[in-house]
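Enquirer: I'd like to ask you about the structure that follows.
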Amino acid sequence: MLDNLDLRILELLVKNPRITVSEIARELNISRQTTRQRIEKINRSGIIKGFFPVFNTEKLGGILVLIMFASETRVTEKLSQAMVWELYLTMNSNPNTIVLGRIFSLEDLKKLVSLMEQIDPKAEIRIVSSIERNFDAKDAIVASGLSNVTCETCGERIRGKPYTYTYRNTTHYFCCPVCRDTFIKKLRSERND
1 MLDNLDLRIL
11 ELLVKNPRIT
21 VSEIARELNI
31 SRQTTRQRIE
41 KINRSGIIKG
51 FFPVFNTEKL
61 GGILVLIMFA
71 SETRVTEKLS
81 QAMVWELYLT
91 MNSNPNTIVL
101 GRIFSLEDLK
111 KLVSLMEQID
121 PKAEIRIVSS
131 IERNFDAKDA
141 IVASGLSNVT
151 CETCGERIRG
161 KPYTYTYRNT
171 THYFCCPVCR
181 DTFIKKLRSE
191 RND
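In full-length UniProt numbering, the protein residues as written are 1 to 193.
Here it is, written out as structure tokens:
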């Protein structure tokens, strides 16, 4: 189980995957050995698959497009091409295939739709314009139950998506909005004293 310190380390790694152990230790006011052990613990937990570059999609150009495809034909192999980034097959639902692609022009979109129509001329195709991903790894880990994070106001173990408040570059976790608001009021009253 991960705790608050592990999540703080993870937060720094997400912000800057190239951060050194020494920098993390200095930022969190803990020893380098403790930092190294915690990073190894996080890696052993399997939450981190690896460290890899995250591409700046604005610099790459184009937009992400989500296409929902209802077909009786298996499309997995036929749709693996450069414009398709991810392909999801759903069970017992319509649409049964969801395609996440990156297009750079209207012509690219036409080509992708044309390819889908060739796979199954009777298929129903729905296009969702562009999407933006918003994924917070820390919140997902807390919500999954893989961590042992407690509310900073009442001390209860947080289950489900946490309520958060960031103060001086530190994220604080709460089980409910009442606890979060109580924490914020306490901070404000301390600043006014």
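Glycine is no exception: its CB is placed at the ideal position from the N, C-alpha and C atoms.
Classify residue 6: buried if its beta carbon has 16 or more other beta carbons within 10 angstroms, exposed otherwise.
Expert: Result: buried.
Enquirer: What did DSSP end up calling residue 149 once you bin it into helix, strand or coil?
Expert: Note: residue 149 maps to coil in three-state DSSP.
Enquirer: Who does residue 28 pair with in a DSSP beta bridge?
Expert: DSSP, once it has assigned bridges, lists no residue as partnering residue 28.
Enquirer: Assuming residue 174 and residue 168 make a contact with CB atoms under 8 Å, what is their CB distance in whole Å?
Expert: Residue 174 to residue 168, Cβ: 17 Å. No contact.
Enquirer: With a threshold of 8 Å, are at least 3 pairs of Cβ atoms found where one atom belongs to the segment 63-71 and the other to the segment 94-102?
Expert: Enough Cβ pairs lie closer than 8 Å, so yes.
Enquirer: State yes or no: is the C-beta of residue 153 within less than 7 Å of the C-beta of residue 182?
Expert: Yes, Cβ-Cβ distance for residue 153 and residue 182 is below 7 Å.
Enquirer: Residue 86 lies in the beta strand (DSSP E); which residues open and close that run?
Expert: Taken as a continuous stretch (DSSP letters only), the beta strand (DSSP E) holding residue 86 covers 84-89.
Enquirer: What are the boundary residues of the alpha helix (DSSP H) that includes residue 182?
Expert: Segment 177-192, the alpha helix (DSSP H) holding residue 182.
Enquirer: For residue 38, count neighbouring C-beta atoms within 10 Å of its own C-beta (all shown protein chains included) and say buried if the count is 16 or more, exposed if not.
Expert: Looking at its Cβ environment, which holds 16 or more other Cβ atoms inside 10 Å, residue 38 is buried.
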